[in-house]
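Worksheet: one structure, shown below.
Numbering (the working numbering), first residue to last: 183 to 533.
Laid out in structure tokens, this is it:
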């Protein structure tokens, strides 16, 4: 039996009884294969087409970067030799928040070791962090928790070439515009001398330093807290923590506020009250029979809160406040924001 293929399927419409069919079939096959070859190389998934497509895209991007004010010298030097990196795209499609259950994610990110190390770091940097809190209103344990979440306290800051990562993600259609903005910001930082090209290494997603700032965040919120003329984000210190606190404050952080907490929910609660409905006062949720699992003092009854169930396969629910939404601006994942909040709570318990 002849295996079906696009060529065989089309050729089946040519008569085998026509004496000229042999010549016709030969000519048709030649034309078809020629057209097919040209089209194949334009398919994004084709290796050769992908590489050529990236090269064309990069040429256009360089012109765009220069047109917005970045020097041609910086653009050419920074982007020389970069290639489309398939590994970056694969990592983008396989983030842990996409693949793990909430239990698995929290077990990994809020480990005893991370909590213990966080308490040690909080004790060591308490005076500095309290000064930053007075300036920006962000409690020290939240800054330490973010530090622990992002780089395990500067242990893992990433070794990916930032510019190649951002260029690959900019070329990829999933979030092209978002990452192109970050690539332009990275080039602008280089052009200004805010960061050295040799330091442009970090996460696969283009984040830099011990708190994994995206280039646009570093560019807008970087703080020279110690006044030495440069912003140090690759080691712990005032610059690192103040930059994070400035970003959180500008994103709507509520000084002294909690992120939220895990709650017990009655079995007959109206499912329409879950995430997607407008925030309601804590008093509303208490009347619905919802109870906080932790022993902390109850939040004020007029405080607005939303009810979420981040993993529909797990019967775990959380009431979340404004600061939870601010953490989502740092990383748009319910798992991440919950883990950061819990880690911050556990670090504070050691005070």
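All residues carry an ideal CB built from backbone N, CA and C; glycine is no exception.
Worksheet item: With DSSP run on the structure shown, which of helix, strand or coil describes residue 256?
Response: Here residue 256 sits in helix by DSSP.
Worksheet item: Within this structure, are the beta carbons of residue 504 and residue 443 separated by less than 8 Å?
Response: A distance of 8 Å or more separates the beta carbons of residue 504 and residue 443.
Worksheet item: Does residue 419 come within less than 8 Å of chain D when only Cβ atoms are used?
Response: The structure shown has no chain D; it contains just one protein chain.
Item to complete: Determine the direct distance from the alpha carbon of residue 501 to that of residue 427, and round the result to whole angstroms.
Response: Rounded to the nearest angstrom, the two C-alpha atoms are 24 Å apart.
Worksheet item: Under the DSSP definition of a beta bridge, which residues are partnered with residue 473?
Response: Bridge pairing for residue 473: 446 [DSSP].
Worksheet item: By DSSP, does residue 202 sit in helix, in strand, or in coil?
Response: For residue 202, the predicted structure reports a pLDDT of 44, less than 50, and the residue's modelled location is therefore unreliable. The matter cannot be settled from this model.
Worksheet item: Can you name the start and end residues of the alpha helix (DSSP H) that residue 306 belongs to?
Response: Taken as a continuous stretch (DSSP letters only), the alpha helix (DSSP H) holding residue 306 covers 294-306.
Fill in: Neighbourhood of residue 324 by C-beta, 7 Å cutoff - its chain only, sequence neighbours within 5 removed
526, listed in sequence order.
Item to complete: Pair every Cβ in the stretch 308-322 with every Cβ in the stretch 334-345, then say whether three or more of these pairs are closer than 8 Å.
Response: With a cut-off of 8 Å, the stretch 334-345 and the stretch 308-322 do not count as touching, because too few Cβ pairs lie within range.
Item to complete: Return the chain-ordered list of same chain residues with a C-beta closer than 7 Å to the C-beta of residue 298, the five sequence neighbours on each side being excluded.
Response: Hits under 7 Å: none found.
Worksheet item: Looking only at C-alpha atoms, which of 423, 380 and 318 sits nearest to residue 437?
Response: Selected option, being the one with the closest Cα: 318.
Worksheet item: Which of the three DSSP states, helix, strand or coil, is assigned to residue 318?
Response: Three-state result, residue 318: helix.
Fill in: Inter-residue Cα distance where the pair is residue 396 and residue 419
So the alpha carbons of these two residues sit roughly 18 Å apart.
Worksheet entry | Enclosing alpha helix (DSSP H) for residue 271 [first to last residue] | Segment 268-275, the alpha helix (DSSP H) holding residue 271.
Worksheet item: From 306, 366 and 415, pick the residue whose C-alpha is nearest to that of residue 244; which is it?
Response: The option with the nearest alpha carbon to residue 244 is 366.
Discussion item. Applying the 10 Å Cβ sphere with the 16-neighbour rule, what's the burial state of residue 237?
Written reply: The Cβ neighbour count for residue 237, taken over all protein chains shown within 10 Å, is under 16; the residue is labelled exposed.
Worksheet item: Can you pull the DSSP bridge partners for residue 463?
Response: Looking at the DSSP output, residue 463 bridges to 486.
Worksheet item: For the stretch 256-269 against the stretch 340-357, are there 3 or more C-beta pairs whose distance is under 8 Å?
Response: Because the criterion of three Cβ pairs below 8 Å is met, the stretch 256-269 and the stretch 340-357 touch.
Fill in: Rounded C-alpha distance that separates residue 235 from residue 355
Their Cα atoms are separated by approximately 12 Å.
Worksheet item: Do you know how far the Cα of residue 473 is from the Cα of residue 322?
Response: Between residue 322 and residue 473, the alpha-carbon positions lie close to 27 Å from each other.
Discussion item. On a Cα-Cα basis, can you pick out the residue from 387, 378 and 376 that is closest to residue 352?
Written reply: Considering only alpha carbons, the answer is 387.
Discussion item. With distance defined between alpha-carbon atoms, name the residue in 262, 409 and 372 nearest to residue 400.
Written reply: Ranking 262, 409 and 372 by Cα distance to residue 400 puts 372 first.
Discussion item. Does residue 384 come out as helix, strand or coil in the three-state DSSP assignment?
Written reply: Three-state result, residue 384: strand.
Worksheet item: Taking all protein chains shown into account, do 16 or more other C-beta atoms lie within 10 angstroms of the C-beta of residue 475, making it buried, or fewer, making it exposed?
Response: That one is exposed.
Fill in: Same chain, Cβ closer than 6 Å to residue 434, neighbours up to 5 away in sequence not counted
Leaving aside the five residues that flank residue 434 on each side, the residues in its chain whose CB is nearer than 6 Å to its CB run, in chain order, 508.
Practice prompt. Evaluate residue 449 with the Cβ neighbour count: other Cβ atoms within 10 Å of its Cβ, from every protein chain shown; 16 or more gives buried, anything less gives exposed.
Written response: For residue 449, the number of other beta carbons within 10 angstroms of its own is below 16, and it is reported as exposed.
Worksheet item: Which one of 374, 383, 456 and 413 has the shortest CA to CA distance from residue 257?
Response: Among 374, 383, 456 and 413, the Cα nearest to that of residue 257 is on 374.
Fill in: Inter-residue Cα distance where the pair is residue 455 and residue 364
Spanning the two alpha carbons is a distance of roughly 36 Å.
Worksheet item: So what's residue 334 in DSSP terms, helix, strand or just coil?
Response: Correct three-state label for residue 334: coil.
Worksheet entry | Length of the line joining the Cα atoms of residue 538 and residue 517 | This structure gives no information on residue 538, because the portion of the chain shown stretches from 183 to 533.
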